[in-house]
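When you read off a place in the sequence shown, starting at 1, and then add 317, the result is the number in our numbering.
Ideal placement from N, C-alpha and C gives every residue a C-beta, glycine not left out.
Just so we're clear, the structure is a prediction, and the values are computed from it rather than from any experiment.
This report concerns only the one structure given below.
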Amino acid sequence: MDQADRLVFIDIETAGFKPTAPLIELAAIAVTSGSFQELETLEMKIAFEMKDACPRSLGVTKFSPSLWERYALPPEDAAAKLAVFLRRHAIEEVLRKKPRVSHSLARLAAYNAAYDGPRVDNWATRLGVYLPIRKRSLCVMQRTLWFFEENQGLTPPRDYKLATIAEHLGLTAMPTHSALDVVRATVELARVLAEHNRITTTRAA
């Protein structure tokens, strides 16, 4: 497989609603671009201070004190592990000015890219870890909005929450408040939309 044909889908769960809220869980799936075949998966629970958490936010996640005590990684270790994962799937060559050196960036995608992308990048920056990622992430929610805008004959969903879309389109993967479940549903959604587009294009040809 050509190294140039990759995307990394991500999702995070946080312990609050503010942009600086602690990340408590992160999942990423590297896929082939276009076919969205899974190449590699990363899933991490991340340690955090309870004093920094919003109880209401934790209530909608799958946070379990015993699980986090047993499996959670220190934030610095989690960020470093993510950076290594991203380097394995970095495909876009860029030239950094200072210092003047060429390196590769990973292309990110997420259901709500405007939420996940900046939070992951800022979280790693606060920890002193550089993530080799493009600043512009692909947003699957926006892709879904355009899909129903462009296909007026289809019944639109009642809202654009990922769980609603998954049920509406009959996806196999159902998003829970587990980061990995959300990523798997997002990848499947992207695949379904791409397949519909290919079928429509073929029929029109």
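Quick one: give me the first and last residue of the beta strand (DSSP E) that residue i is part of.
i	result
residue 331	323-331
residue 421	418-422
residue 426	425-427
Can you tell me which residues form a DSSP beta bridge with residue i?
i	result
residue 362	342
residue 412	419
residue 348	324 and 355
Determine the burial state of residue i: buried for a count of at least 16 other Cβ atoms within 10 Å of its Cβ, exposed for fewer.
i	result
residue 369	exposed
residue 462	exposed
residue 413	exposed
residue 434	buried
residue 354	exposed
residue 392	buried
residue 326	buried
residue 336	exposed
residue 388	exposed
Tell me where the alpha helix (DSSP H) around residue i begins and ends.
i	result
residue 485	479-486
residue 397	392-405
residue 381	Note, residue 381: premise wrong, no alpha helix (DSSP H); not H, not E.
residue 476	Neither: residue 476 is in no alpha helix (DSSP H) and is coded neither H nor E.
residue 461	457-467
residue 442	430-443
residue 373	372-375
Straight-line CA distance for residue i to residue j?
i	j	result
residue 332	residue 476	24 Å
residue 390	residue 362	6 Å
residue 512	residue 493	24 Å
residue 400	residue 450	9 Å
residue 495	residue 418	38 Å
residue 490	residue 483	7 Å
residue 458	residue 329	15 Å
residue 263	residue 410	Residue 263 lies beyond the stretch modelled for the chain, which goes from 318 to 522, so this question has no answer here.
residue 342	residue 488	23 Å
residue 469	residue 376	37 Å
residue 445	residue 516	45 Å
residue 357	residue 371	32 Å
residue 364	residue 443	15 Å
residue 367	residue 466	43 Å
residue 497	residue 360	7 Å
residue 514	residue 508	10 Å
residue 480	residue 407	29 Å
residue 340	residue 453	20 Å
Within 8 Å (strictly less), CB to CB, does residue i reach chain D?
i	result
residue 469	This model lacks chain D altogether, as it is built from one protein chain only.
**Asked** For the region 411-428 against the region 372-385, are there 3 or more C-beta pairs whose distance is under 8 Å?
**Response** As far as the Cβ criterion goes, the region 411-428 does not touch the region 372-385, which means the pair count is below three.
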